[in-house]
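A.B. asks: Chains A and B are the protein sequences, given in the same order.
Residue numbers for the first sequence follow the numbering used here, beginning at 7 and rising by one.
Residue numbers for the second sequence follow the numbering used here, beginning at 332 and rising by one.
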Amino acid sequence: MLTYEEQAFDALGDPTRRAVLKRLRGGGRSVGEIAEGMEVSRPAVSQHLKILKAARLVTVHAEGTRRVYAVDTRGIESLRKWLEGFWDEALTAFKAVAEREAIKERKQ
Amino acid sequence: MTEPTMSRGTDANSVRKVVSVQAPQAVAWRVFTEKMGAWWPLAYYKIGKANAVDAVIEPHVGGRWYERGDDESMCQWGSVLAWEPHSRLVLSWDISADWQYDPALKTEIEVRFSADGSDRTRVELEHRHLDRYGARRDEMRRIFDTEGDWGKLLEMFARVAAEA
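1. Verify whether the separation of the beta carbon atoms of His458 (chain B) and Val346 (chain B) is less than 8 Å.
2. Let me see if you follow: with CB-CB separation under 8 Å, is Ala43 (chain A) close to chain B or not?
3. Could you give the distance in angstroms between the alpha-carbon of Phe475 (chain B) and the alpha-carbon of Glu45 (chain A)?
4. Thinking C-alpha only, which one of B:Leu420, B:Asp450, B:Gly465 and B:Asp385 is nearest Leu373 (chain B)?
5. Residues of chain A with CB under 8 Å from Ala354 (chain B), in chain order?
6. In three-state terms, what does DSSP make of Glu478 (chain B)?
7. The segment 362-375 of chain B: which residues have C-beta closer than 9 Å to a C-beta of chain A, in chain order?
8. Quick test of your reading: Lys377 (chain B) and Ala369 (chain B), contact by CB under 8 Å. State the CB separation rounded to the nearest angstrom.
9. Quick one: what's got a C-beta closer than 6 Å to Pro335 (chain B)'s C-beta in the same chain, skipping five residues either side?
10. Cα separation between Ala435 (chain B) and Asp425 (chain B)?
11. To the nearest whole angstrom, what separates the beta carbons of Gly379 (chain B) and Ser404 (chain B), a pair I think is in contact under 8 Å?
12. As a quick exercise: from A:Gly34, A:Ala108, A:Ala60 and A:Gly43, pick the residue whose alpha carbon is nearest that of Ala17 (chain A).
13. Return the residue from the list B:Glu415, B:Trp414, B:Asp447 and B:Ala381 that minimises the CA-CA distance to Ser401 (chain B).
14. Are the Cβ atoms of Val352 (chain B) and Glu111 (chain A) separated by less than 8 Å?
15. Along chain B, in chain order, which residues have C-beta atoms closer than 9 Å to that of Glu111 (chain A)?
16. Secondary structure at Ala489 (chain B), three-state DSSP: helix, strand or coil?
17. Residues in its own chain within less than 7 Å of Lys81 (chain A) by CB, not counting five upstream and five downstream?
18. Go to Asp462 (chain B), then tell me how far its alpha helix (DSSP H) extends in each direction, as first and last residue.
19. Is Trp371 (chain B) helix, strand or coil by DSSP?
20. Quick one: what's Glu415 (chain B) bridged to in DSSP?
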């Protein structure tokens with residue numbers, strides 16, 4: 007049994023799926039909108055979305071009669087956590103704030 | 332991803348991290364202790380029902396360490412065990428594996444600040460006594476530290492990042 011994180015990395019190993027995910031960064035889109043301008047068929051896009059959804063990288067909801075796909079921020083967040091670990095993440099953020107603060111004080 | 336440099340401890344009951352910060356020691360100390368809310372990942376490392384808006388350390392031994400919610404609620408995480416301004420801080424982290432406050436838990440976080448030249452600070456953090464999580468130690472250790480096949484992961488991540 008693969009964890010969600012492992013599934014997510016496997017899912018991102020495919021260039022078409024990365025392209026699909028990238029198209030969702032600007033906001034939710036339907037399958038048709040995602041497929042537009044891509045070199046893969048709509049059914050193929052649907053198949054990729056299914057895999058992205060199973061890996062918790064994409065969510066789907068209904069807007070009227072449309073099914074709209076969007077980035078699943080929870081999946082992205084858990085990927086990041088898996089990648090970094092809590093203290094790595096917290097200290098990276100701490101470092102950024104401390105360095106900003108130091109620059110601010112030097113200017114004063 | 333290359334900074335900060337994180338070292339992996341070998342003690343199964345503790346997680347150790349080191350970060351080098353381009354800031355004087357006093358600034359690093361102040362940001363860590365007084366401006367924790369500005370960098371702590373409050374969106375998901377919090378325990379209260381309300382949205383957490385700040386993380387506060389009361390600046391003395393015995394002081395509380397808590398999150399403040401947007402409804403002014405307070406949820407305690409632990410307390411101050413050592414308070415040595417600009418150089419050393421020890422906090423107890425009393426959050427159970429189920430993310431509930433448990434004052435009996437008492438895992439410890441020690442943070443040491445040392446000057447590395449006039450405008451760099453080396454910050455060493457140790458989160459220890461993870462054995463107090465009992466059977467869930469390894470699970471918690473993975474959360475605090477990091478896991479995964481770094482080689483494969485970083486390669487994957489770099490690829491995705493490069494395309495973004």
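Every residue, glycine too, gets a C-beta built ideally from N, C-alpha and C.
Predicted, not measured: the structure shown is a model, and the values here were computed from it.
C.D. replies: A quick look at the data gives this:
1. Taking the first residue of the second sequence as position 1, residue 458 (chain B) is located at position 127. Taking the first residue of the second sequence as position 1, residue 346 (chain B) is located at position 15. It is a contact, given that the beta carbons lie within the stated cut-off.
2. Within the first sequence, numbered from 1, the residue matching residue 43 (chain A) stands at position 37. Just to set this straight, residue 43 (chain A) is Gly in the shown sequence, not Ala. The Cβ of Gly43 (chain A) sits no closer than 8 Å to any Cβ of chain B.
3. The residue labelled residue 475 (chain B) in the question sits at position 144 within the second sequence. The residue labelled residue 45 (chain A) in the question sits at position 39 within the first sequence. Taking the straight line from one Cα to the other gives about 42 Å.
4. As a first step, residue 373 (chain B) is located in the second sequence; it is residue number 42 there, counting from the start. The shortest C-alpha separation from Leu373 (chain B) is found at B:Asp385.
5. Numbered from its first residue, the second sequence carries residue 354 (chain B) at position 23. Among the residues of chain A, those whose CB is under 8 Å from the CB of Ala354 (chain B) are Ala104, Glu105, Glu107 and Ala108, following chain order.
6. As a first step, residue 478 (chain B) must be located in the second sequence, where it is residue number 147. Below a pLDDT of 50, predicted positions are generally treated as unreliable, and Glu478 (chain B), at 48, falls in that range; no measurement from the model is reported.
7. Of all residues in the segment 362-375 of chain B, only Val362, Phe363, Lys366, Met367, Ala369, Trp370, Trp371, Pro372, Ala374 and Tyr375 come within less than 9 Å of chain A when Cβ atoms are compared, listed by chain position.
8. As a working mapping, residue 377 (chain B) is identified with position 46 in the second sequence. As a working mapping, residue 369 (chain B) is identified with position 38 in the second sequence. Contact annotation, Lys377 (chain B) with Ala369 (chain B): C-beta distance approximately 15 Å; criterion of less than 8 Å not satisfied.
9. As a working note, residue 335 (chain B) is residue 4 in the second sequence. Low per-residue confidence applies at Pro335 (chain B): pLDDT is 44, beneath 50, and the placement is therefore not dependable, though the value from the model is reported in the following sentence. For Pro335 (chain B), where only same-chain residues beyond five positions count, the Cβ hits under 6 Å are Val350.
10. Within the second sequence, the letter at position 104 stands for residue 435 (chain B). Within the second sequence, the letter at position 94 stands for residue 425 (chain B). Approximately 7 Å between the Cα atoms of the pair.
11. For the purposes of this step, residue 379 (chain B) is taken as residue 48 along the second sequence, with counting starting at 1. For the purposes of this step, residue 404 (chain B) is taken as residue 73 along the second sequence, with counting starting at 1. That pair is a contact at about 6 Å.
12. Start at 1 with the first residue of the first sequence, and residue 17 (chain A) comes out as number 11. With distances taken between CA atoms, Ala17 (chain A) lies nearest to A:Ala60 out of A:Gly34, A:Ala108, A:Ala60 and A:Gly43.
13. Along the second sequence, read from residue 1 onward, the residue named residue 401 (chain B) stands at position 70. Correcting the residue type first, residue 401 (chain B) is Asp in the shown sequence and not Ser. With distances taken between Cα atoms, Asp401 (chain B) lies closest to B:Ala381.
14. By one-based count along the second sequence, residue 352 (chain B) stands at place 21. By one-based count along the first sequence, residue 111 (chain A) stands at place 105. No. Outside cutoff.
15. Position 105 of the first sequence holds residue 111 (chain A). Within chain B, the residues Ala354, Pro355 and Val358 have their CB atoms less than 9 Å from the CB of Glu111 (chain A), given in chain order.
16. By 1-based counting over the second sequence, the position of residue 489 (chain B) is 158. Its pLDDT being 46, under 50, Ala489 (chain B) is placed unreliably by the model, and nothing is read from it.
17. Here residue 81 (chain A) corresponds to residue number 75 of the first sequence, with the count starting at 1. The sequence given here has Gly at residue 81 (chain A), not Lys. Excluding its 5 nearest sequence neighbours in each direction, Gly81 (chain A) has C-beta neighbours in its own chain below 7 Å: Tyr10, Ala14, Ala61, Arg62 and Leu63, listed in chain order.
18. By one-based count along the second sequence, residue 462 (chain B) stands at place 131. Unbroken run through Asp462 (chain B): none, as it is neither H nor E.
19. In the second sequence, residue 371 (chain B) corresponds to position 40, counting from 1. If DSSP states are grouped into helix, strand and coil, Trp371 (chain B) belongs with coil.
20. Within the second sequence, residue 415 (chain B) is the residue found at index 84, counting from 1. Answer is B:Arg419.
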